[in-house]
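Counted the way the numbering used here counts, the sequence shown spans residues -1 to 145. Heads up: the structure comes next, in structure tokens.
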Amino acid sequence: MDLKDLYRDVILDHNRHPRNFGRIEAADGEAEGHNPLCGDRLRLSVRMNGERVEDIRFEGKGCAISTASASLMTEAVKGKDRAAIQELFGKVHALLTHHDAAPDATLGKLAALSGVREFPVRVKCASLCWHTLNAALGHGAATISTE
Ligand code: FES
-1 MDLKDLYRDV ILDHNRHPRN FGRIEAADGE AEGHNPLCGD RLRLSVRMNG ERVEDIRFEG
59 KGCAISTASA SLMTEAVKGK DRAAIQELFG KVHALLTHHD AAPDATLGKL AALSGVREFP
119 VRVKCASLCW HTLNAALGHG AATISTE
């Protein structure tokens, strides 16, 4: 199996079986993200333990890329503190926008999103959850739009 097949399988798996789907009651932070290009919405809720994301869930209706990206993101950020999440966001952003760069070795399954950069309109699908997470962590308005 080559890398492209592996990446495709990761996306398909996380779209069909999204991890951390749902909503946290009594969350410490919540935000809604909206992709105006398609109308899709994503709601994130987080529970914090100090600076650390103890639990995170997402819900909403989105395309395969946005659902898989949100699922992968929740797995990747659970247990991390704010600083580590910002660092990871930077790496994911680079992955989605730097056309020829090899995925950072520390990205793990998130590297599966690298195929998205060949389709600029889908970059918003993949980054919607990350912008929404920033808002849920208090770095922006509670409702964000990727416009
Ligand atoms: Fe709507 Fe991807 S088409 S988020």
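For each residue, glycine too, the CB sits at the ideal point set by N, CA and C.
Cβ-Cβ separation, residue j to residue i (assumed contact under 8 Å), whole Å
i: Thr95; j: Val75; result: About 20 Å separates the two Cβ atoms, so there is no contact after all.
i: Gly88; j: Arg50; result: Actually they do not touch by this definition, with Cβ atoms about 19 Å apart.
i: Ala29; j: Ala133; result: 4 Å
i: Cys127; j: Phe56; result: 7 Å
i: Leu150; j: Lys107; result: Because the chain in this structure spans residues -1 to 145, residue 150 falls outside the shown range and cannot be described.
i: Ala92; j: Ala99; result: 6 Å
Segment limits, alpha helix (DSSP H) that includes residue i
i: Ile22; result: Taken as a continuous stretch (DSSP letters only), Ile22 belongs to no alpha helix (DSSP H), as it is neither H nor E.
i: Val114; result: No alpha helix (DSSP H) contains Val114, which DSSP labels as neither H nor E.
i: Leu105; result: No alpha helix (DSSP H) contains Leu105, which DSSP labels as neither H nor E.
i: His12; result: Leu1 to Arg14
Worksheet entry | beta strand (DSSP E) runs wholly inside the segment 25 to 98, at least 3 long, in chain order | You should have 27 to 33, 38 to 47 and 50 to 59.
Discussion item. Using a Cβ distance threshold of 8 Å, determine whether the segment 58 to 67 contacts the segment 27 to 46, with at least three qualifying pairs required.
Written reply: With a cut-off of 8 Å, the segment 27 to 46 and the segment 58 to 67 count as touching, because enough Cβ pairs lie within range.
Worksheet item: Is the segment 106 to 123 close to the segment 13 to 31, with three or more CB pairs under 8 Å?
Response: The answer is no - the segment 13 to 31 does not touch the segment 106 to 123, with fewer than three Cβ pairs under 8 Å.
Discussion item. Give the residues whose C-beta lies closer than 5 Å to at least one heavy atom of the ligand FES, in chain order.
Written reply: In chain order, the qualifying residues are Asn33, Cys36, Asp38, Gly60, Cys61, Ser64 and Cys123.
Practice prompt. Could you say if the segment 99 to 111 and the segment 42 to 56 meet the contact criterion of at least three C-beta pairs nearer than 8 Å?
Written response: Contact between the segment 99 to 111 and the segment 42 to 56 is absent, because fewer than three Cβ pairs lie under 8 Å.
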